[in-house]
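Worksheet for the structure shown next.
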Amino acid sequence: MIKKNKGYRFRLKPNKEQMVYLEKAFGCSRKMYNLYVDMLYKQLDEKNFINGKIDYKAIHLPTPAIIKKDYEYMKEIDSLAFANVQLNFRNAIKKYNSEFDGKTYSKKALKQVETLGKELTFKDLKGIPNFKSKRKSQNSFTTNNQNGTISIIDEKYIKIPKLKEPIRFVNHRQLPKNSIIKSATLSKNCRNQYYIRFTVEYYIEEKQTLSKIILGLDYSQHDFYVDSQGRKATY
Numbered sequence: 001m002i003k004k005n006k007g008y009r010f011r012l013k014p015n016k017e018q019m020v021y022l023e024k025a026f027g028c029s030r031k032m033y034n035l036y037v038d039m040l041y042k043q044l045d046e047k048n049f050i051n052g053k054i055d056y057k058a059i060h061l062p063t064p065a066i067i068k069k070d071y072e073y074m075k076e077i078d079s080l081a082f083a084n085v086q087l088n089f090r091n092a093i094k095k096y097n098s099e100f101d102g103k104t105y106s107k108k109a110l111k112q113v114e115t116l117g118k119e120l121t122f123k124d125l126k127g128i129p130n131f132k133s134k135r136k137s138q139n140s141f142t143t144n145n146q147n148g149t150i151s152i153i154d155e156k157y158i159k160i161p162k163l164k165e166p167i168r169f170v171n172h173r174q175l176p177k178n179s180i181i182k183s184a185t186l187s188k189n190c191r192n193q194y195y196i197r198f199t200v201e202y203y204i205e206e207k208q209t210l211s212k213i214i215l216g217l218d219y220s221q222h223d224f225y226v227d228s229q230g231r232k233a234t235y
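Heads up, the sequence shown is in the UniProt record's numbering, so the first residue is 1 and it goes up one at a time.
Below you can see the structure in the form of structure tokens.
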């Protein structure tokens, strides 16, 4: 058996109450990410960081649970959404470090140097984690399935953590048989349409590949036969 992971996207049809929760979750996830960016910048400033890779182990970043103590409204949101924010932030730093070449700044910053005489700082380095704006960044959050906290009900509704009632969705395709929902990313596009993307895990049987080599034989009075690869019978 071969384990597979695949994503499946569906359109959501939330009611007004559910929309309110989704908007709060989008905003709180963005806020949490921006708090991490702010903490990173402050600590890099204290270290007089100018250019280079970021030593993640030297950066102190509290857990989302600690941060939420200062933001009462965040307690309304699924804690796993914030755990995924922290994971995404860590991955953003790893990506920056892996792509860092020692001299690359963003095109926007370089243009401001020419037009406005801007002085470049580490905040202008290409790929360094930046603040997410409400207007430009994607509205989304990710949560994980723990003991059935995410599930499909009657092929019409989706249950997610923190919502009392499941969300109606447009079910246009079936998930693989015996698949397990591992996580779900909920999002909203510029047309105010809501979507959910499942990451599912399932197993398929490993197919045995049959040999496709075809051997042709030609009769030879002297050698009995000669095959298509020029080999002759020996007897």
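Beta carbons are placed, not taken as given, at the ideal position from N, Cα and C, and that holds for glycine.
For clarity, every value in this text was computed on a predicted model and none was experimentally measured.
Could you pull the DSSP bridge partners for S29 from this structure?
Within the sequence shown, numbered from 1, the residue matching residue 29 stands at position 29. For S29, which the question treats as bridged, DSSP gives no partner whatsoever.
Can you give the beta carbon distance from K4 to Y203, rounded, assuming they're within the 8 Å contact cut?
Taking the sequence shown and counting its residues from 1, one reaches residue 4 at position 4. Taking the sequence shown and counting its residues from 1, one reaches residue 203 at position 203. Contact holds; Cβ gap of about 7 Å.
Can you list, in chain order, the residues of its chain with a C-beta nearer than 7 Å to that of Y158? Leave out the 5 residues immediately preceding and following it.
For the purposes of this step, residue 158 is identified with residue 158 of the sequence shown, where counting begins at 1. Note that residue 158 is Ile in the sequence shown, not Tyr. The answer, listed in chain order, is I152, P166, I167, F169, I196.
With distances taken Cα to Cα, identify the nearest neighbour of I93 among N15, P129, M19.
Residue mapping note: residue 93 aligns to position 93 of the sequence shown, counting from 1. Among N15, P129, M19, the Cα nearest to that of I93 is on P129.
Give a yes or no on contact between the region 129-144 and the region 59-71, applying the rule of three or more CB pairs nearer than 8 Å.
No, because fewer than three Cβ pairs between the region 129-144 and the region 59-71 fall closer than 8 Å, the two stretches do not touch.
Using 8 Å as the threshold, is the region 80-87 in touch with the region 57-64, meaning 3 or more CB pairs across them?
Flag = yes, the region 80-87 and the region 57-64 touch.
Quick check on the burial criterion: 16 or more other C-beta atoms within 10 angstroms. Buried or exposed for N15?
Your numbering for residue 15 matches position 15 in the sequence shown. Answer is exposed; the Cβ neighbour count stays below 16.
Going by the CB atoms, is the gap between I160 and D45 shorter than 9 Å?
If you number the sequence shown from 1, residue 45 lands on position 45. If you number the sequence shown from 1, residue 160 lands on position 160. No, the Cβ-Cβ distance between D45 and I160 is not below 9 Å.
Can you tell me the Cα-Cα spacing of T115 and N189, whole angstroms?
The residue labelled residue 115 in the question sits at position 115 within the sequence shown. The residue labelled residue 189 in the question sits at position 189 within the sequence shown. Rounded to the nearest angstrom, the two C-alpha atoms are 34 Å apart.
At what residue ranges does the region 146-200 contain a whole run of the beta strand (DSSP E), taking only runs of 3 or more?
Runs found: 151-153, 157-159, 167-170, 180-188.
Note down, one range per segment and in chain order, each beta strand (DSSP E) of at least 3 residues found wholly within the region 84-144.
Correct list: 139-144.
Using C-beta distances below 7 Å, list every residue in its chain close to N34, excluding the 5 sequence neighbours before and after it, in chain order.
To locate residue 34, count along the sequence shown from 1; it is residue 34. The residues are F131, K132.
Leaving out five residues on either side along the sequence, give the residues of the same chain with a beta carbon under 7 Å from the beta carbon of N139.
Translated into positions along the sequence shown, residue 139 becomes position 139. Result list for N139: F26, S187, K188, in chain order.
Where does N34 sit, in a helix, a strand or coil, going by DSSP?
Taking the sequence shown and counting its residues from 1, one reaches residue 34 at position 34. Helix.
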